Amino acid sequence: MQKQTLISLALTSLLTLTSITSYAEVTANMAANSNYYWRGVTQSADQAAVSGGIDYSNDTGFYAGGWASNIDFGPTTSASYELDLYAGFSQSIGEITYDVGYLYYAYPDADTSIDMGELYGSLSWQWLTGKVSYLTHAQSDSSASEDMLYLELNASFEILNATELAFHLGHSSGDTINDWYGEKTYLDYSVSIAKDGFSLGLVQTNLTDDDLKVFVGYSLDFKL
Numbered sequence: 000m001q002k003q004t005l006i007s008l009a010l011t012s013l014l015t016l017t018s019i020t021s022y023a024e025v026t027a028n029m030a031a032n033s034n035y036y037w038r039g040v041t042q043s044a045d046q047a048a049v050s051g052g053i054d055y056s057n058d059t060g061f062y063a064g065g066w067a068s069n070i071d072f073g074p075t076t077s078a079s080y081e082l083d084l085y086a087g088f089s090q091s092i093g094e095i096t097y098d099v100g101y102l103y104y105a106y107p108d109a110d111t112s113i114d115m116g117e118l119y120g121s122l123s124w125q126w127l128t129g130k131v132s133y134l135t136h137a138q139s140d141s142s143a144s145e146d147m148l149y150l151e152l153n154a155s156f157e158i159l160n161a162t163e164l165a166f167h168l169g170h171s172s173g174d175t176i177n178d179w180y181g182e183k184t185y186l187d188y189s190v191s192i193a194k195d196g197f198s199l200g201l202v203q204t205n206l207t208d209d210d211l212k213v214f215v216g217y218s219l220d221f222k223l
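Heads up: the sequence shown runs through residues 0 to 223, numbered per the working numbering.
Set out below in structure tokens:
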């Protein structure tokens, strides 16, 4: 009941803000991908994933939104979809853009208690972004340790014919990572190209016995 109440309050707040703020912008997104990777690890049992979300923002820098995707964690849990709720504040100072916020990962139909939440902060300059995410809490079946730090560095460039080339490097550490994967830390890295909503990329981690993986996808963004 508490989890459903939290989700309902967040969505109600988002809709209220949208209706009373005349200078607000509301956008939506949809995507289909050959796999759903989170920090280099599949969340859909190496199967295709369909996702979508809605975002609200205004000129103060405040934003909030929600995003959902099908998932498959195998026999460990019966959860069929993930619902992410987030809110934050982003502004630019000269060429530097900062972003701070909170992200709640919910699994409403799971037969176990696996929700969790993170605080995050990032700094961006031109084509380069550095971001830090820290686990603030996790339900008992997600992680007993509640100790996870994720550091990432992302770079994106526009190349031939408005094609975007992107690189990603991430580092996960903490007792929660050891609970999940039996290793105290690991790296994930990827490279991708994207044009007109279509994307193609490679992703891998240095977890034991992990192979290089190829992914393809298509995404669509639009205003409401």
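Where a beta carbon is used, it is the ideal one built from N, C-alpha and C, also for glycine. These numbers come from a predicted model, not from an experiment.
Asked: Across which residues does DSSP place Lys130 in a beta bridge pair?; Found: Ser121 and Glu151
Asked: What's the call for Thr84, buried or exposed, on a 16-neighbour Cβ count within 10 Å?; Found: Residue identity check: residue 84 is Leu in the sequence provided, not Thr. The residue in question, Leu84, is buried, as its Cβ has 16 or more Cβ neighbours within 10 Å.
Asked: How big is the Cα-Cα spacing for Tyr133 and Tyr149?; Found: 6 angstroms
Asked: Taking the C-alpha atoms as reference points, what is the distance between Val215 and Asn32?; Found: 6 angstroms
Asked: With C-beta atoms as the reference, is Gly173 less than 7 angstroms away from Met147?; Found: yes
Asked: Which term fits Glu163, buried or exposed, when burial requires 16 or more other beta carbons within 10 angstroms of its beta carbon?; Found: exposed
Asked: Which first and last residues belong to the alpha helix (DSSP H) in which Asp174 is found?; Found: Asp174 to Tyr180
Asked: Is the beta carbon of Phe166 sitting closer than 7 angstroms to the one on Val190?; Found: yes
Asked: Between the alpha carbons of Leu223 and Tyr22, how many angstroms are there, rounded?; Found: 13 angstroms
Asked: Are the Cβ atoms of Gly196 and Leu219 separated by less than 7 angstroms?; Found: yes
Asked: On the premise that Ala27 lies in contact with Ile53, defined as a C-beta separation below 8 angstroms, what is that separation, rounded to the nearest angstrom?; Found: 5 angstroms
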